[in-house]
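So the structure is just underneath, and the comments pick up after that.
Residue numbers (the UniProt record's numbering): 1 to 271.
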């Protein structure tokens with residue numbers, strides 16, 4: 001439950017007793033190949049990511065692209081974890097991901113370029129700011145980027161993070177790419193204060209500040225502007241039935257306005 005890209009099944013065997021996860025992707029989708037490459041390089045991330053057991057990225061055996069991966073303990077949970085507890089643990093987990101040495105990875109796509117190509121054109125309240133200053137983001141050093149780091153792609157058990165799933169989008173991008181995306185998720189789930197708690201926890205764990213955080217937040221608002229209303233099934237399936245398309249759109253509009261105001265305050269001394 002909670003995902004819309006791949007069809008996901010739990011497989012259980014009796015002898016030997018084992019649990020595995022089968023993911024089936026749409027025909028022609030290259031996400032299975034990208035997912036398999038990322039999991040191979042991550043090598044389990046100290047037990048925090050699934051291990052790749054088998055892959056059929058072109059669907060030659062299975063009829064459609066498919067992956068078989070190990071099952072991590074825990075489940076997606078956006079209901080029972082406290083807002084601040086969730087924000088702190090997500091921040092620390094993301095810092096751990098961004099610390100993975102890039103030498104493990106070969107041929108990862110450029111996440112900023114991929115996001116720009118799929119954005120469907122510019123526009124919206126943040127467009128003018130990004131047109132004038134967006135180059136500052138692309139010039140920042142890259143890290144391993146999950147590309148869709150939000151609470152629903154994190155597994156929990158008894159209020160603690162047990163792992164991170166859905167690595168099909170793994171890319172190279174500056175750290176602000178993931179940080180701003182998860183900040184918006186925190187806004188949708190628990191409000192702006194949770195987004196700030198998340199950022200503080202991330203920067204403390206990473207021992208790095210995120211350059212141009214206000215500009216990254218605006219980038220996420222532009223990136224999500226056309227699709228935010230379609231996210232409601234992901235939240236609904238995980239228990240947040242209150243986050244309807246209309247509520248998500250309203251939150252997007254309000255956070256965009258807040259981000260523009262933050263950008264104005266941050267840039268005033270430079271102008």
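The C-beta atom is built at its ideal place from N, Cα and C for all residues, glycine as well.
Taking 8 Å as the threshold (beta carbon to beta carbon), is residue 102 in contact with chain B? Chain labels in this structure do not include chain B; a single protein chain is all it has.
Take the Cβ of residue 7 as the centre, count every other Cβ of all protein chains shown within 10 Å, and call the residue buried at 16 or more, exposed below. Flag for residue 7 reads exposed.
Own chain residues within Cβ distance below 8 Å of residue 62, not counting five before or after: Result list for residue 62: 24 and 56, in chain order.
Please list, in chain order, all residues of the same chain as residue 84 whose beta carbon is under 6 Å from its beta carbon, the five residues on each side excluded. Taken in chain order, the residues that qualify are 197.
Note down the Cα distance separating residue 129 from residue 113, rounded to an integer number of angstroms. Rounded to whole angstroms, residue 129 and residue 113 show a C-alpha spacing of 18 Å.
Suppose contacts are defined by Cβ-Cβ distances below 8 Å. Is residue 155 in contact with residue 75 by that definition? At a Cβ-Cβ threshold of 8 Å, residue 155 and residue 75 count as neighbours.
Select from 68, 44 and 134 the residue whose C-alpha is nearest the C-alpha of residue 19. Of 68, 44 and 134, the residue nearest in Cα terms is 68.
Beta-carbon contacts of residue 194 that lie in its chain and below 6 Å, excluding the five residues immediately before and after: So the qualifying residues of the chain are 83, 87 and 186.
Our contact map puts residue 168 next to residue 110 with C-beta atoms below 8 Å; I'd like the distance itself, whole angstroms only. The pair is not a contact, with the Cβ atoms about 16 Å apart (cut-off 8 Å).
On the criterion of 16 or more Cβ atoms from any shown chain inside 10 Å, does residue 214 qualify as buried, or is it exposed? By the C-beta density criterion, residue 214 is buried, having at least 16 other C-beta atoms within 10 angstroms.
Host alpha helix (DSSP H) of residue 251 (start-end): First-last of the alpha helix (DSSP H) with residue 251: 245-267.
What's the C-alpha gap between residue 144 and residue 265? Straight across, the Cα-Cα distance linking residue 144 with residue 265 is about 30 Å.
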